[in-house]
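K.L.:
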Amino acid sequence: MNDRSVLEVRHGTRTIDGDTVFYREAGSETAPVLLLPHGYPCSSFQYRRLMPALADRWRTVAPDFPGFGYSGTPDPARFGYDFDAYATFLERFTDALGLGSYALWLHDYGSQIGLRHAIAHPSRIRGLVIQNGDIYADALGPKYETIQRFWRDPSPENRAPLEKAVSEDGFRAEFVGEVDAHVARRVPPDMWKLHWPLMDTPVRRALSVGLMEKLKANLDWFPRYQAYLREQRPPAMILWGPKDEYMPEPAARAYLRDLPEAELHLLNDAGHWLLETHFEVALPLVRRFLGKVLH
3 MNDRSVLEVR
13 HGTRTIDGDT
23 VFYREAGSET
33 APVLLLPHGY
43 PCSSFQYRRL
53 MPALADRWRT
63 VAPDFPGFGY
73 SGTPDPARFG
83 YDFDAYATFL
93 ERFTDALGLG
103 SYALWLHDYG
113 SQIGLRHAIA
123 HPSRIRGLVI
133 QNGDIYADAL
143 GPKYETIQRF
153 WRDPSPENRA
163 PLEKAVSEDG
173 FRAEFVGEVD
183 AHVARRVPPD
193 MWKLHWPLMD
203 TPVRRALSVG
213 LMEKLKANLD
223 WFPRYQAYLR
233 EQRPPAMILW
243 GPKDEYMPEP
253 AARAYLRDLP
263 EAELHLLNDA
273 GHWLLETHFE
283 VALPLVRRFL
293 GKVLH
């Protein structure tokens, strides 16, 4: 491929259901597609290094979810800001771009949203890259205790730590609070310094806390996610940073119950944001896997 512009990340917007949706893409529009839903508290920005590094062979597409990043923030009266609403959005977004089949990256909230999308459209899914996304209730890490305390007793006192987490300091803790200091130094401060101003509005702060609250209802979907994996057996690679107090190593290994043939790669001292800290290790693993499922 000689056109250098194809290898660069391109930025655009689409209007979907009356709302502006920002997205990034790289690669030829005729190449096989990797769809990249993002996690919390981030946006498509988390894939800014990965996308051009794959663009010689694949088309990578990463939207900002409504209420995140540079996308619009619909009125909560008409957009639910729950996992169902985001799964519907992902369907509308892929339809708007004419994406008929793709590999799917599953990370953080994007794993649960992505799997709901996969359940609705199993024929579209050519493979899964699973990066620190939890769908096994018995493998949740110790950091869930704060949220679980609120689920058990939704008092103002138990809600307060969730609200406190939606802050610049809370975002920083999400990105660097669990890995060793020498690893944390690899995470650019942009991750929280850029994202917090984008999220510091009343509606966006509320939707961030609301998604933590709605994780309880999402637990009911865990058996459905697992059944999809077990019944459809999509080709999968599990790429995991075990220094993750929400999703430690057992959360990664749990996927092998339903996907026993999946590749499992545990990146030792990596945490939840391994594309920031272990990119050079992760990239050849991703390229090798995509070479098998997207050609």
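Under the numbering used here, read the sequence shown as residues 3 to 297, first letter to last.
Note that beta-carbon positions come from the ideal geometry of N, C-alpha and C, so glycine has one too.
Going by DSSP, name the residue or residues bridged to residue 21.
P.N.:
Taking the first residue of the sequence shown as position 1, residue 21 is located at position 19. Per DSSP, 18.
K.L.:
For residue 203, which residues from the same chain have a beta carbon less than 8 Å from its beta carbon, with the 5 sequence-adjacent residues on both sides left out?
P.N.:
Within the sequence shown, numbered from 1, the residue matching residue 203 stands at position 201. For residue 203, where only same-chain residues beyond five positions count, the Cβ hits under 8 Å are 75.
K.L.:
For residue 41, which residues of its own chain have a beta-carbon under 6 Å away from its beta-carbon, when the five flanking residues on both sides are left out?
P.N.:
Numbered from 1 along the sequence shown, position 39 holds the residue referred to as residue 41. Correct list, in chain order: 109, 110, 111 and 112.
K.L.:
Any chance you could list the beta strand (DSSP E) runs of at least 3 consecutive residues sitting entirely within the segment 9-92, in chain order?
P.N.:
12-18, 21-28, 35-37 and 61-65
K.L.:
Throw me the rounded Cβ distance for the residue 261 and residue 231 pair, which I believe falls under 8 Å.
P.N.:
Looking up residue 261 in the sequence shown gives position 259. Looking up residue 231 in the sequence shown gives position 229. Rounded, the Cβ-Cβ distance is 5 Å, consistent with contact.
K.L.:
When we look at the beta-carbon of residue 268 and count the other beta-carbons within 10 Å, is it buried (16 or more) or exposed?
P.N.:
Taking the first residue of the sequence shown as position 1, residue 268 is located at position 266. By the neighbour-count rule (16 or more Cβ atoms within 10 Å), residue 268 is not buried but exposed.
K.L.:
If you draw a straight line from the C-alpha of residue 176 to the C-alpha of residue 91, how long is it?
P.N.:
Stepping through the sequence shown from its first residue, residue 176 is reached at position 174. Stepping through the sequence shown from its first residue, residue 91 is reached at position 89. Pairing residue 176 with residue 91, the inter-Cα distance amounts to about 25 Å.
K.L.:
State the Cα-Cα distance for the pair residue 172 and residue 166, rounded to the nearest angstrom.
P.N.:
Within the sequence shown, residue 172 is the residue found at index 170, counting from 1. Within the sequence shown, residue 166 is the residue found at index 164, counting from 1. Taking the straight line from one Cα to the other gives about 7 Å.
K.L.:
With three or more beta-carbon pairs closer than 8 Å as the criterion, would you say the segment 227-244 touches the segment 265-283?
P.N.:
yes
K.L.:
Bridge partners of residue 238, per DSSP?
P.N.:
Here residue 238 refers to the residue found at position 236 of the sequence shown. In the DSSP output, where bridge partners are listed per residue, residue 238 has 130.
K.L.:
Select from 160, 125 and 211 the residue whose C-alpha is nearest the C-alpha of residue 235.
P.N.:
For the purposes of this step, residue 235 is taken as the residue at position 233 of the sequence shown. The candidate whose alpha carbon is nearest that of residue 235 is 125.
K.L.:
Tell me, please, whether the segment 278-296 touches the segment 136-145 by the rule of three or more beta-carbon pairs shorter than 8 Å.
P.N.:
In this structure the segment 278-296 does not lie against the segment 136-145, because fewer than three pairs of beta carbons, one per stretch, are closer than 8 Å.
K.L.:
Cutting at 8 Å between CB atoms, please list the residues of its own chain near residue 18, excluding the five before and the five after it.
P.N.:
Position 16 of the sequence shown holds residue 18. So the qualifying residues of the chain are 91, 94, 95 and 98.
K.L.:
Using CA coordinates, which residue listed in 216, 187 and 133 is at the minimum distance from residue 2?
P.N.:
Here the chain comprises residues numbered 3 to 297, so residue 2 is not present and cannot be evaluated.
K.L.:
Where do the N-terminal and C-terminal ends of the alpha helix (DSSP H) with residue 117 fall, by residue?
P.N.:
Along the sequence shown, read from residue 1 onward, the residue named residue 117 stands at position 115. From DSSP, the alpha helix (DSSP H) with residue 117 extends over 111-122.
K.L.:
Considering only the alpha carbon of each residue, which of 48, 24, 226 and 8 lies closest to residue 107?
P.N.:
Counting from one through the sequence shown, the residue named residue 107 turns up at place 105. When each option's Cα is compared against that of residue 107, the closest is 48.
K.L.:
Run through DSSP, which three-state label would residue 286 get?
P.N.:
Your numbering for residue 286 matches position 284 in the sequence shown. Residue 286 falls in the helix class under three-state DSSP.
K.L.:
Leaving out five residues before and five after residue 207 in sequence, what residues of the same chain have Cβ atoms less than 6 Å from its Cβ?
P.N.:
As a first step, residue 207 must be located in the sequence shown, where it is residue number 205. For residue 207, where only same-chain residues beyond five positions count, the Cβ hits under 6 Å are 168.
K.L.:
Have a look at 239, 257 and 30 and flag the residue whose alpha-carbon is nearest the alpha-carbon of residue 11.
P.N.:
Counting from one through the sequence shown, the residue named residue 11 turns up at place 9. That would be 30, whose Cα lies nearest to the Cα of residue 11.
K.L.:
With a threshold of 7 Å between beta-carbons, can residue 257 be considered close to chain B, or not?
P.N.:
Reference to chain B is not applicable here, since this structure consists of a single protein chain.
K.L.:
Could you spell out the range, first to last residue, of the alpha helix (DSSP H) harbouring residue 196?
P.N.:
What you label residue 196 is simply residue 194 of the sequence shown in a count that begins at 1. From DSSP, residue 196 is part of no alpha helix (DSSP H); its letter is neither H nor E.
K.L.:
Thinking C-beta only, is residue 115 closer than 7 Å to residue 89?
P.N.:
Sequence index remark: in the sequence shown, residue 89 carries index 87 (1-based). Sequence index remark: in the sequence shown, residue 115 carries index 113 (1-based). Cβ atoms of residue 89 and residue 115: closer than 7 Å.
K.L.:
If we count the other Cβ atoms within 10 Å of its Cβ and call it buried at 16 or more, is residue 1 buried or exposed?
P.N.:
Residue 1 lies beyond the residue range present for the chain, which begins at 3 and ends at 297; the question has no answer from this structure.
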